[in-house]
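Take the sequence shown: its letters are residues 412 to 621, numbered as in the working numbering. C-beta: ideal position from N, C-alpha, C; glycine also. The structure appears below as structure tokens.
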Amino acid sequence: GTRNWLKDNISSGDLFDVHAALRLKPGTEPLLALGYEYRDAQVRFIRTLPPITGGFGHASIEGRTYTLVLDSGTVKPPMGGAIDVLDAVFSVPDITEKPASADITMRTESSLTAALSLLDEPPFRFMTKADRPVDLGEGHAQLVTNLSLPLRNGVMPGDVDYNVTGTLTEVASEKLVPGKRLTADALSLEATPKGLRIAGAGKIGAVPFE
């Protein structure tokens with residue numbers, strides 16, 4: 412199942428420094444170790460989300476565990492420009508499980524619009540649910556996204572568990588409060604299957620708020 416997932420979700424890239432080892436001992440199962448580095452990869456962690464392009468990093472299989480580390484890459488959501496992926500880790504604790512499950516952690520930097528645009532894609536759809544536009548305002552977003560999902564065909568949005576946390580800085584919006592300009596030096600963001608929460612201190616016009 413892990414092999415099929417990799418075949419379907421890593422659509423291009425170059426491998427180098429590939430090395431493998433196999434240890435056989437009577438009475439025990441074979442032990443496999445495989446490692447490689449990659450560059451110019453296109454990786455899609457979830458089918459409903461835009462792929463990471465220009466991926467550079469390394470991967471390994473140690474026993475039953477598969478780990479793919481992304482050192483850099485770019486995601487292009489529908490609006491707001493590119494999202495820089497600072498690093499990401501894709502881990503399958505036991506590739507022999509049926510279906511196997513994966514844990515993903517990804518750190519990103521982007522414009523506020525790009526971050527909200529990605530958070531409006533399935534399985535999130537936060538802005539659509541809130542009846543708000545993704546270009547809600549200006550600002551900079553630094554986010555950490557954690558995902559857990561089964562590696563099988565037909566994964567639905569409800570099968571994906573996720574937690575997104577981060578900081579929004581230099582925020583300005585004239586759409587959040589009609590007729591008023593909202594500004595904030597820094598706001599916190601948290602998104603889970605239960606909802607999206609943005610909080611902190613700022614100003615509406617000249618009036619401070621918490």
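DSSP state of residue i mapped onto helix, strand, coil
i: D570; result: helix
i: A525; result: helix
i: D546; result: coil
i: M538; result: helix
i: I515; result: strand
i: G491; result: coil
i: E581; result: strand
i: D505; result: coil
i: T439; result: coil
i: D425; result: strand
i: R563; result: coil
i: G590; result: coil
Which listed residue (the options) has its alpha carbon closest to that of residue i
i: P462; options: L442, A444, S471, N420; result: N420
i: D505; options: G590, L579, E473, R608; result: E473
i: G468; options: V500, E440, T539; result: V500
i: K487; options: R455, S512, L607; result: R455
i: S471; options: V503, I494, E440, T485; result: V503
i: K605; options: T578, F620, K591, R536; result: R536
i: V545; options: G577, R563, K586; result: K586
i: V429; options: F620, Y447, E520, W416; result: Y447
i: V618; options: A610, L600, K591, R608; result: K591
Residue i vs residue j beta-carbon contact at 8 angstroms
i: D482; j: D451; result: no
i: L598; j: S584; result: no
i: L554; j: I515; result: no
i: A602; j: V582; result: no
i: G523; j: G492; result: Inspection of the sequence shows that residue 523 is occupied by Leu rather than by Gly. No, the pair does not count as a contact, with Cβ atoms beyond the cut-off.
i: V496; j: T478; result: no
Residues of its chain near residue i, where Cβ-Cβ distance is below 8 angstroms and the 5 sequence neighbours each way are ignored
i: T459; result: E532, P533, P534, P568
i: Y449; result: G424, D425, L426, F427, G466, F467, G468, H469, A470
Endpoints, alpha helix (DSSP H) assigned at residue i
i: T413; result: 413-420
Nonlocal neighbours in the same chain, by C-beta distance under 6 angstroms from residue i, ignoring five residues either side
i: A432; result: A444
i: T556; result: M517, V575
Same chain, Cβ closer than 7 angstroms to residue i, neighbours up to 5 away in sequence not counted
i: K509; result: G412
i: P489; result: S528
For residue i, the first and last residue of its enclosing beta strand (DSSP E)
i: R450; result: 442-454
i: T485; result: 476-486
i: V618; result: 618-620
i: D596; result: 593-603
i: K614; result: 606-615
i: I457; result: Element bounds for I457: n/a, residue is neither H nor E.
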